[in-house]
Structures are given as structure tokens and as C-alpha cells.
Amino acid sequence: LMQRYRNFPVCTRQALDYTDTLLQTGLDESAKAALMRVYRVLPAYDDVPASLQALADAGFRLFGFSNGVEEEIVGLLEHAGIDQHFEAVVSVDSLQTFKPDPQVYHHFIEVADTATENCWLVSSNGFDVIGAISAGMKAAWLRRSQNVVFDPWGVEPTLVMQGLDELPQKITL
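For the sequence shown, position 122 matches number 362 in the working numbering, and the numbering has no gaps at all.
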């Protein structure tokens, strides 16, 4: 928004520092470093491996697409044991802008070497779904908690799911 790009790990750490200050938790540097390490080794939800396999078996090309730095995305996928399902990882880092900037979705389409109308984005982040749809893609909002509401920007998801295991039955090539 302000054209003052910082990569995602820096933004994540700044958000942690902000939250620590706001909530007056008094985290020391070692506690913050430990939280940042945990953030790089998050597990996959239970329904993810089988769902990715079902999508791959159906002929879908799967990509990791993230605001994160490529090396960290690859590390997350490897740690979660799901990296083998992805053809490639596409990071916005080289563009030095974040989702939902339309530029990043067009970059993804170019890297994936496909037509916009053939692209599905699956995300639990409303802003990401809105960005993808605004760029001409289809988008599934993964709403794992009913306590989460979709951002009110006048754009609706193509599909809403409670779990990734719903996706293979709801979309086709």
C-alpha cells in the first residue's frame, strides 16, 4: 500500500513485536525467536495430504502460492510432508508486493503458464480470495471455523468449504 516492501519474515516478526507491545506480554528475545522458529514448521491439517493426492490424481496441477519467501514456503511444505504434491512454489517476494495486489495473481498465472479462467485459488484468507477473483481467477474460501466472516468488499468466493477434502468433489478440469 505504501510501496515500502519488507519481506514476509520481517513483517511477521514486526507483527509479533507489535502484538507483544500491545498486549504487554513482555516476551524476551529468546521467546520471540522460538515463536518465529515454530512458525516455520507448521503441520498440515489432517485432511490436506489425501485431498492434495485426490486433486493430483484428478489431473490438477498444484502450486504453492504465498506472500512468504520461497525457501520458507518450500520448508513448510517439506516439514508438513506434502511437498511432493506441488509442481512449484510461487512467491510474491520477487515482485516486492503482497497479495491482494492484482500484479501477484497475474504473475502466478504467467509462472503457471495457464489461462486465468483455468486457475483456482484456495485460501482461508478472505483478502486472498477477493484478490484472486478480482484478477479473474476462481477462488475457494476455506472456512475452517464458522466464527470467521468473509471480508465485506462486494466480492463473493466462487466456492466456500469447511475442509479441503470437499474440493475434489466440487471442481473439475
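A virtual CB, placed ideally from N, CA and C, is assigned to each residue, including glycine.
Between S291 and F348, the alpha-carbon positions lie close to 22 Å from each other.
Annotation for V362: the continuous beta strand (DSSP E) segment containing it runs W360 to S363.
For G304, the three-state secondary structure derived from DSSP is strand. Between the segment 318 to 328 and the segment 353 to 361 there are fewer than three inter-stretch CB-CB distances shorter than 8 Å, so the stretches are not counted as touching.
In this chain, M401 is not harboured by any alpha helix (DSSP H); it is covered by the beta strand (DSSP E) spanning L399 to M401. Short of 8 Å from the beta carbon of D287, and not among the five residues preceding or following it, lie these beta carbons of its own chain, in chain order: G403, L404 and D405. Short of 8 Å from the beta carbon of G308, and not among the five residues preceding or following it, lie these beta carbons of its own chain, in chain order: F248, P249, L316, S331 and D333. With respect to V395, I373 sits close: the two C-beta atoms are nearer than 7 Å.
Remark: C-beta atoms of P342 and A379 do not approach each other more closely than 7 Å.
Taking 7 Å as the cut-off, the beta carbon of A284 is found no closer than this to the beta carbon of F303.
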